[in-house]
Amino acid sequence: MSPAERFLCEAIDLARENVRKGGRPFGAVLVKDDIVIATGVNEIHTTQDPTTHAELQAIRAASRALGSPRLDGCVIYASGHPCPMCLSAMHLTGIREVTYAYSNDDGEPYGLSTAAIYAELAKPLDRQSLRIAYVPLRPEEDDLYEMWRDTAQTAHDGSGSPA
């Protein structure tokens, strides 16, 4: 059995155990250099938080374990096709690869596909079902982004003043 198959089996085992506990059939294993850094299962049934997907739970745990919001060089093995939210988090954290065992087509008959969300997000913003409005409000105080940049520079250069 290849390492990828081994990690996928672990993700599926996590998902099965989660189903036994009343949860949804999703598990994830986050790996770096063939070492498991973190795992996660879908916890929506216990948290009532719709963002507690298996992949996000593994990302949160790995970020804590590694002490960084960046997970460059990591791979996620997931029981099911990652939803757009989870896939976005992978991009944002620098995860380099995701491998999954069950596709959206496999999940469709069970109501476990996120293909419709992917299709919705592919539409131009003004054609999506969610109303999205850009209001370029700039109160007269410091510009929010400039304030962040200046604060971040000060924190990184250690001088106590902007670089």
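Residues in the sequence shown are numbered consecutively from 1, following UniProt numbering.
The beta carbon of each residue, even a glycine, is placed where N, CA and C say it ideally should be.
What you are looking at is a predicted structure, and each value in this text was computed from that prediction instead of being measured.
- When the beta-carbon positions are compared, P84 and I117 come within less than 7 Å of each other.
- Boundaries of the beta strand (DSSP E) around V75: 74-80.
- If you draw a straight line from the Cα of V29 to the Cα of A11, it is about 6 Å long.
- Per DSSP, the continuous beta strand (DSSP E) segment holding A101 begins and ends at 97-102.
- Straight through space, the alpha carbons of A115 and A122 are spaced by roughly 11 Å.
- The Cβ neighbour count for H91, taken over all protein chains shown within 10 Å, is under 16; the residue is labelled exposed.
- A distance below 7 Å between beta-carbons, with the five flanking residues on each side excluded, links P139 to no residue of its chain.
- Collapsing the DSSP output to three states places G107 in a helix.
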